[in-house]
Amino acid sequence: MATVIGNLSPILLPIRLGNSGRCLVKTYKPIFKRNLAVNVRASSTSSTAFVETKPPTGPVLVENEVSSSSSSKKKHILACPICFDLLSWRSDPVVSVDSISGSSLQCSTCKKTYFGNETHLDLTAASGAKNYGESMPASTELFRTPLVSFLYERGWRQSFSVWGGFPGPEGEFELTKDFLKPVLGGNIVDASCASGLFSRLFAKSGLFSLVVALDYSESMLQQCYEFIKQEDDFPKESIVLVRADISRLPFVSSSIDAVHAGAALHCWPSPSAAVAEISRVLRPGGVFVATTYILDGPFAFVPFLRTARQNIRQISGSKIFLSERELEDLCRAGGLVGFKCVRNRAFVMISATKPS
Ligand SMILES: C[S@@+](CC[C@H](N)C(=O)[O-])C[C@H]1O[C@@H](n2cnc3c(N)ncnc32)[C@H](O)[C@@H]1O
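Taking UniProt numbering, the leading residue of the sequence shown gets 1, the next gets one more, and so forth.
Written out as structure tokens, the structure reads:
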């Protein structure tokens with residue numbers, strides 16, 4: 001049965017891309033509030049095409065039906081971050097974001113047990129360690145501070161539109177949905193979700209059978225939980241909050257239909273290890289969609305940027321991407337194909353697929 005995506009404010013996106021390197025123009029809703037032209041590029045090894053977006057016409061149709069019973073899917077995708085083998089519930093399976101507290105899961109192989117606290121399941125490799133503490137690079141640790149987590153959706157995230165040309169949550173959500181069309185109705189991991197800006201939109205859209213809101217930061221997950229609690233009628237049974245490291249994803253191989261990572265690629269300690277992990281957990285035909293920024297165009301004239309970025313990475317842990325080709329290479333190296341991207345100034349949204 002077809003579902004119509006309704007009530008999203010009209011903004012612009014008229015592009016649908018094939019895997020062949022050709023851009024196919026189709027339907028559409030406007031995506032940016034201002035009348036921005038968006039370049040969309042689909043690449044194969046030999047060809048590149050740019051298409052300028054056009055104003056909208058009708059609604060977007062979703063062909064897959066969304067199953068309302070997601071508890072069985074939750075049971076079968078979670079894996080031990082040490083062995084990558086299936087985790088089984090030792091308590092009643094979590095069927096709502098409210099029932100995580102007191103829940104526990106055990107690895108079928110190493111027998112390690114993982115616990116849920118009030119807000120999330122901790123599925124990091126170090127979970128349960130009492131004396132051992134781990135610190136990550138600054139670009140990860142920064143987001144673990146309660147102040148940054150509090151400020152994230154209260155101004156911090158909005159600033160990306162000003163300096164980077166990010167379309168903002170509604171615009172990005174519309175673009176993302178277009179890339180995710182082949183996997184609508186399946187499960188989605190919102191990797192590095194922070195306080196759950198997009199996880200909440202995914203859950204409320206009803207377009208996915210299950211949303212996993214995943215981040216390394218406990219305080220971001222706490223914020224996400226509080227935002228969910230504040231909303232009446234939030235579909236709490238369709239979302240689960242998980243703490244995990246992007247380079248060690250707690251999912252069974254080939255069990256995930258879609259991975260979304262908004263504004264996070266540049267923060268990850270090793271983007272290549274992360275993409276390889278994403279590739280491992282995606283099922284054949286599964287889709288990876290991510291946003292980040294690229295310092296090209298006028299930034300290409302900044303003296304020493306190319307050499308300085310190595311030092312910036314060493315100090316902050318943050319990766320600066322200088323071209324679309326670099327991102328395409330990253331996806332290909334991680335085993336993903338059919339690279340596509342959408343640009344607006346420094347903002348870029350990329351998508352790639354696990355080969356079928
Ligand atoms: C700039 S925020 C992006 C948040 C959100 N996805 C968005 O679109 O606004 C980057 C997020 O990446 C997370 N992160 C950084 N390193 C990580 C890691 N190793 N594993 C998982 N998440 C990580 C941070 O905790 C932070 O919440």
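All residues carry an ideal CB built from backbone N, CA and C; glycine is no exception.
Since the structure is predicted, the reported quantities are computational estimates derived from the model, not experimental observations.
Tell me whether the beta-carbon of GLY128 lies closer than 8 Å to the beta-carbon of GLY116.
-> no
Any heavy atom of ligand 1 within a distance shorter than 7 Å of the CB on MET349?
-> no
Apply the 10 Å Cβ neighbour rule to LYS354 and answer buried if 16 or more other Cβ atoms are within range, or exposed otherwise.
-> buried
Could you check the C-alpha separation between ARG313 and LEU305 for me, to the nearest Å?
-> Using only the alpha carbons, I get a separation of about 12 Å.
Helix, strand or coil at TYR132 according to DSSP, with G and I counted as helix | coil
With DSSP run on the structure shown, which of helix, strand or coil describes ARG345?
-> coil
Report whether the distance from the Cβ of ARG157 to the nearest heavy atom of ligand 1 is below 7 Å.
-> yes
With distances taken Cα to Cα, identify the nearest neighbour of CYS193 among THR109, ARG144, PRO284.
-> ARG144
State the DSSP-derived secondary structure class of SER104, mapped to helix, strand or coil.
-> strand
Tell me whether VAL337 sits in a helix, a strand or coil according to DSSP, three-state version.
-> Three-state DSSP puts VAL337 in a strand.
Span separating the alpha-carbon of TYR225 from that of LEU147 | Those two C-alpha atoms are separated by around 16 Å.
For ALA273, which residues of its own chain have a beta-carbon under 7 Å away from its beta-carbon, when the five flanking residues on both sides are left out?
-> The answer, listed in chain order, is SER247.
In the DSSP assignment, find the beta strand (DSSP E) that holds ILE239 and state where it starts and stops.
-> 239-243
Nearest candidate by alpha-carbon position, reference VAL287, set ASN131, ALA79, ASP122, PHE339 | The option with the nearest alpha carbon to VAL287 is PHE339.
Anyone know if the C-beta pair for LEU265 and ALA346 falls short of 8 Å?
-> Result no, Cβ atoms of LEU265 and ALA346 do not sit closer than 8 Å.
Alpha-carbon to alpha-carbon, PRO303 and SER254 = Answer to the nearest angstrom: the Cα atoms are 44 Å apart.
Whole angstroms is fine: what's the gap from GLN222's alpha carbon to LEU121's?
-> 11 Å
Rounded separation between ASP97 and GLU174 - CA only | Going by the sequence as given, residue 97 is Val instead of Asp. About 25 Å.
From GLU328 to THR109, what distance separates their C-alpha atoms?
-> The alpha-carbon atoms of GLU328 and THR109 are separated by roughly 36 Å.
Separation of THR292 from ALA308, as counted between CA atoms | 19 Å
How about the stretch 224-244 and the stretch 180-200: do they share at least three Cβ pairs that are nearer than 8 Å?
-> A contact exists between the stretch 224-244 and the stretch 180-200.
What separation, rounded to the nearest whole angstrom, lies between the Cα atoms of CYS80 and GLY297?
-> Spanning the two alpha carbons is a distance of roughly 43 Å.
Can we say the stretch 233-250 touches the stretch 202-217, given the rule of at least three CB pairs closer than 8 Å?
-> yes
From GLU231, PRO250, PRO182, GLN158, pick the residue whose C-alpha is nearest to that of VAL212; which is it?
-> PRO250
Within its chain, find whatever has a CB closer than 7 Å to the CB of ALA352; leave out the 5 residues flanking it on each side and keep chain order.
-> For ALA352, where only same-chain residues beyond five positions count, the Cβ hits under 7 Å are PHE288, CYS331, LEU336, VAL337, GLY338, PHE339.
Return yes when the C-beta of PRO269 is under 7 Å from any heavy atom of ligand 1, and no when it is not.
-> PRO269 Cβ: within cutoff of ligand 1.
Residues near CYS341 by beta carbon distance below 6 Å, same chain, minus five either side = ARG41, GLU324, VAL348, ILE350
Within 10 angstroms of the Cβ of THR53, are there 16 or more other Cβ atoms? Answer buried if so, exposed if not.
-> Caution is warranted here: a pLDDT of 34 is assigned to THR53, below 50, making its placement in the model unreliable, and the coordinate value is therefore given only provisionally. That one is buried.
Roughly how many whole angstroms lie between the Cα atoms of VAL95 and GLU231?
-> One Cα belongs to VAL95, the other to GLU231, and the distance between them is close to 18 Å.
Contained alpha helix (DSSP H) runs [length at least 4] in the stretch 265-344, N- to C-terminal order = 271-281, 305-316, 324-333
Opening and closing residue of the alpha helix (DSSP H) in which SER205 lies | 197-205
Pair within 8 Å by beta-carbon distance, ILE315 and ALA258 | no
Cβ pair SER217, SER318 closer than 8 Å = no
For ligand 1, any of its heavy atoms closer than 7 Å to the Cβ of CYS193?
-> yes
Label THR48 either buried or exposed according to how many other C-beta atoms from any shown protein chain fall within 10 Å of its C-beta, with 16 as the threshold for buried.
-> With a pLDDT of 32 at THR48, under the threshold of 50, the predicted position of this residue should be treated as unreliable, though the coordinate-derived value follows. Within 10 angstroms of the beta-carbon of THR48 lie fewer than 16 other beta-carbons, which makes it exposed.
TYR216: beta carbon under 7 Å from a heavy atom of ligand 1?
-> yes
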